[in-house]
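Data block below; observations after.
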Amino acid sequence: MSIEVRLDHLLLERRMTLTELSERVGITVANLSILKTGKARAVRFTTLDAVCRELDCQPGDLFRFVPEG
Amino acid sequence: MNRLSHTIVRVLDVAVIAIIIGAIAVATIEVAVLLPAQSLGAKSSITLPVGFAPSTVAQLGSRTLGQGSIGTMNGSLSFPAAPATALTLQLAFLLIVVVPLLLFLRLLRSVFASVDHGEPFADDVARKVRWLGLGVVALYASKAIAGITVWAFLSRDLTSGPLPLRPSGIDPLGLFVGFAIIALAEAFRHGSQLRADADLTV
Chain A
1 MSIEVRLDHL LLERRMTLTE LSERVGITVA NLSILKTGKA RAVRFTTLDA
51 VCRELDCQPG DLFRFVPEG
Chain B
1001 MNRLSHTIVR VLDVAVIAII IGAIAVATIE VAVLLPAQSL GAKSSITLPV
1051 GFAPSTVAQL GSRTLGQGSI GTMNGSLSFP AAPATALTLQ LAFLLIVVVP
1101 LLLFLRLLRS VFASVDHGEP FADDVARKVR WLGLGVVALY ASKAIAGITV
1151 WAFLSRDLTS GPLPLRPSGI DPLGLFVGFA IIALAEAFRH GSQLRADADL
1201 TV
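Each protein sequence line maps, in turn, to chains A and B. Taking this note's numbering, the leading residue of the first sequence gets 1, the next gets one more, and so forth. Taking this note's numbering, the leading residue of the second sequence gets 1001, the next gets one more, and so forth.
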């Protein structure tokens, strides 16, 4: 997929672990891991809202389009 | 747990056991009857599972097919054979019928078990439903081919032309049901994809 998820970069910048983020947003570590590793096929707006609120970022900070090839 | 699916799973379990016991019983009886018959020099016959409807047979009258004959009660074709040959063919036919039937029931049970466990759109369910549909189509197609073959074989000797009778064994409804099941399998496949998407939706 051409959409790169930069959740790990944001967690590093915010000095936050995936487990901490999971507890703050109310989403399981397993699901956040699916998002972090780029395996997710879709993201709910509620999830995006919660993550951006806790990481104090914009949705555009979380995703990047990388053309294939 | 889905009550209906759970019940159907249990019914299919009982059906499989009943079919296995029934097949063993039939085979035992055939061996018990035909083997002693051979030693006594008795004659036996092989009855083919294809033929014509009794009303059709009445129109045909007393017709013979070489050494064979058409039964007036059920329209089936019978040929004389040695008891050992008859026994071998009967047992082979029993296997040909029972084994696919058991495989079919096993597939059907697996599908209902998946529904019972709350996983109707598991990855393998679509494949199993497709095989069920193909099995139904194969069954009715083979019955139709057998019926047409028998009709053509019986018609060839007539100097007045082919029998003006529609051969038995052709069941368009059965073929339609088979294709409908295959179409249902496509719906299950689509459901499986939607489920995968839902599982990977964060």
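Think of the CB as a built atom: it goes at the ideal place given N, C-alpha and C, for glycine as much as any other residue. These numbers come from a predicted model, not from an experiment.
(request) Tell me whether Phe1093(B) sits in a helix, a strand or coil according to DSSP, three-state version. (result) helix
(message) Please report whether the beta-carbon of Leu1200(B) lies at a distance below 8 Å from any beta-carbon of chain A.
(response) yes
(request) May I ask you to verify whether the stretch 1176-1184 of chain B touches the stretch 1117-1132 of chain B, counting CB pairs closer than 8 Å and requiring at least 3? (result) yes
(message) Strictly below 8 Å CB to CB, what residues from chain B border Ala42(A)?
(response) Asp1197, Leu1200, Thr1201 and Val1202
(request) Pull out every residue of the stretch 19-49 of chain A whose Cβ sits closer than 8 Å to any Cβ of chain B, in chain order. (result) Ile27, Asn31, Leu32, Ile34, Leu35, Lys39, Ala40, Arg41, Ala42, Val43, Arg44 and Thr47
(message) Tell me the DSSP secondary structure of Val66(A) in three-state form.
(response) coil
(message) Quick test of the definition: if touching needs 3 or more C-beta pairs under 8 Å, does the stretch 1103-1118 of chain B touch the stretch 1131-1150 of chain B?
(response) yes
(message) Taking a contact to mean a Cβ-Cβ separation below 8 Å, would you say Val5(A) touches Gly38(A) in this structure?
(response) yes
(request) With a 10 Å radius around its C-beta and 16 neighbouring C-beta atoms as the bar for buried, classify Leu10(A) as buried or exposed. (result) buried
(message) Give the list of continuous alpha helix (DSSP H) stretches no shorter than 4 residues that lie fully inside the stretch 1099-1155 of chain B.
(response) 1123-1155
(request) Could you pull out every residue in the same chain whose Cβ sits closer than 7 Å to the Cβ of Thr47(A), ignoring the five residues on either side in sequence? (result) Ile27
(message) Three Cβ pairs or more, each shorter than 8 Å: is that satisfied between the stretch 10-24 of chain A and the stretch 53-60 of chain A?
(response) yes
(message) Using the three-state DSSP reduction, which class does Thr37(A) fall into: helix, strand or coil?
(response) coil
(request) Look up Ile3(A) in the DSSP assignment and give the residues it is bridged to. (result) Phe65(A)
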